[in-house]
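A.B. asks: I am attaching a structure below and will ask some questions about it afterwards.
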Amino acid sequence: MADNIARVFADAIAADPARPLLTWYDDATGERTEISGATAANWVAKTANLLVDEVAVTEGDLVAVLLPPHWQTAAVLLGCWSARLSVLPRPGPVEVLFAAVDRVTEADAWPAGERYALALDPFARPLRQVPPGFADYVSEVRVHGDHFTPYPDGGPDDAALLARAADRADQLGLGPGDRVLVDAAAHPDPVDWLLAPLTVAASVVLCGNLDPARLAARTETEKTTHTLT
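Following this line, the structure appears as structure tokens:
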């Protein structure tokens, strides 16, 4: 198993960058956003370039990601891992913090050099009102480059995360071309909803506020092969 998340991501989308990689639903709002591998790569590269060029992170620096499962969260996480950062799982000092706007009050437990807020808008529109002490992730990341060359070696957490992801993909019986529907609330661990599918070049239908009454129809419409609820 490769020990570089950025390269695993690049390999997963290489065969067909236009293929849907992550389809996001929110049954509370009715939104649906489909992200291709190429679009995801664009956001990931911009995030990594923001971290490396603007924040000037170095390998192993700590980052906090206070975000729920979401397509923008995938971009943030993959961007952080591309920059060889380590995502801190519990409160503590970090170089960079990313937080959903409804979680910015938690930021005091994560002293950070730079702090970015995300509205998680379905069309990636900027925040109308930026919380004090934060920068708007969407506005800041858009000005950065669309390409980022992965480092030869992965970050400090890559090997362990990818080993867990490979085991999880095996447990779920995932393989290349599969399409897995995931209940975001029930499976917030990115190993489940992001890394396990990536390790086998599968795609994801990620559902927030999943309405069980819509599950059968969505499975048919999205042509999913596996369900994780």
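0 is the number of the first residue of the sequence shown in numbering that gives the first Met the number 0; add one for each residue after it. All C-beta atoms in this analysis are idealised placements derived from N, C-alpha and C, irrespective of residue type, glycine included. Since we're looking at a predicted model, the values are computed, not measured.
Determine whether the beta carbon atoms of V103 and L50 lie at a separation below 8 Å.
C.D. replies: Contact flag unset, no.
A.B. asks: Report the rounded CA-to-CA distance for T32 versus D10, giving the unit in angstroms.
C.D. replies: So the two alpha carbons sit approximately 23 Å from each other.
A.B. asks: Could you give the DSSP three-state label for E58: helix, strand or coil?
C.D. replies: In this structure, E58 counts as coil in the three-state DSSP scheme.
A.B. asks: Helix or strand or just coil, what does DSSP make of L77?
C.D. replies: Helix.
A.B. asks: Compute the beta-carbon to beta-carbon distance between G154 and L84, rounded to the nearest angstrom, for a pair I have assumed lies under 8 Å.
C.D. replies: Going by Cβ atoms, the distance from G154 to L84 rounds to 6 Å, so yes, they are a contact pair.
A.B. asks: To test your reading of the DSSP string, which unbroken alpha helix (DSSP H) runs of 4 or more residues are found completely within the stretch 65-153?
C.D. replies: 70-81, 136-140, all fully within the stretch 65-153.
A.B. asks: I need the DSSP call for D169, collapsed to helix, strand or coil.
C.D. replies: Helix at D169.
A.B. asks: Give the DSSP-derived three-state secondary structure of T226 in the structure shown.
C.D. replies: Looking at T226 - three-state DSSP - the assignment turns out to be strand.
A.B. asks: Evaluate T72 with the Cβ neighbour count: other Cβ atoms within 10 Å of its Cβ, from every protein chain shown; 16 or more gives buried, anything less gives exposed.
C.D. replies: Buried.
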